[in-house]
Amino acid sequence: MLHLNHYEKSYGTAPVISIPNFTLKEGVYWLQGENGAGKTTLLKTIAGLIPFSGSIRVHDIDIRKHRMQYRRLVNWSYAEPIYPDFLTGTDLINFYQQTNQADAIDTNRLIKAFGVDQYVHQKIGTYSSGMTKKLSLILAFMGQPKWILLDEPLITLDIKAIDTCLSLIHSYNQQGVSFLITSHQSFMDTAPFQTQLLRIENKSLIKQ
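In case it helps, the working numbering puts the sequence shown at residues 4 to 211.
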């Protein structure tokens with residue numbers, strides 16, 4: 004489970020989101036809201052990337068008290084990933100493989116599933132936006148996370164990669180992995196999994 008208690012995120016004196024108490028059980032959640040509502044901000048705080056007030060726990064592991072253990076339970080993919088141009092995809096994958104204790108065989112399956120094996124050894128500076136997006140998704144699926152946070156996972160992807168992404172979400176969810184997804188592209192009609200709707204409205208998180 005993912006639990007937020009007395010959660011609040013502000014920029015300066017302006018509050019963005021305030022969530023007194025909210026628990027998400029295992030599942031696939033589509034987080035909706037207007038532009039600027041705070042969807043990406045919420046995902047970034049759950050991923051441990053930006054500071055916030057309150058507490059966040061995954062399976063009773065607190066983000067502050069057990070930071071390293073927590074980070075292995077929560078993976079994240081950027082909407083528009085940016086990585087150092089001088090690194091190769093292999094460099095990043097090897098780094099994540101060590102930090103996330105990811106299985107090499109599973110990692111190679113992800114590389115082939117997204118079709119990046121043709122260019123993964125090249126420097127990221129030569130990648131298109133779609134190629135970089137696929138790399139970001141591979142990193143998000145690596146290791147043994149309990150939650151995977153996907154910010155606009157379908158943008159810049161070709162049809163085959165979209166199918167791959169949705170199939171992986173389905174497969175991982177069947178193995179007990181939960182997802183929190185933001186997307187301006189509807190996927191509920193074609194996705195092979197059940198999706199629950201969440202919405203950020205008036206600076207609050209609500210179930211629909």
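Backbone N, C-alpha and C fix where the C-beta goes; we use that ideal spot for every residue, glycine too.
- The DSSP-derived three-state label of residue 26 is strand.
- Annotation for residue 44: 12, 19, 20, 53 place their beta carbon closer than 8 Å to its own, counting only its chain and skipping 5 residues before and after.
- DSSP places residue 173 within a helical segment (H, G or I) once states are collapsed to three.
- By the C-beta density criterion, residue 78 is buried, having at least 16 other C-beta atoms within 10 angstroms.
- Look at the beta carbons and you see the stretch 57-68 not touching the stretch 32-46: under three pairs across the two are nearer than 8 Å.
- Uninterrupted alpha helix (DSSP H) stretches at least 4 residues long and entirely within the stretch 112-193 occur at 132-144, 162-177, given in chain order.
- Boundaries of the beta strand (DSSP E) around residue 7: 5-14.
- Annotation: the continuous alpha helix (DSSP H) that includes residue 95 extends over 92-102.
- Using a C-beta cut-off of 8 Å, the stretch 86-100 makes no contact with the stretch 147-156, since fewer than three inter-stretch Cβ pairs fall below that distance.
- With respect to residue 100, residue 110 sits close: the two C-beta atoms are nearer than 7 Å.
- For residue 60, no alpha helix (DSSP H) encloses it; the enclosing beta strand (DSSP E) starts and ends at 56-61.
- For residue 130, same chain residues with a beta-carbon under 8 Å away, outside a window of 5 residues either side, are 92, 122, 138 in chain order.
- Residue 209 is bridged by DSSP to 202.
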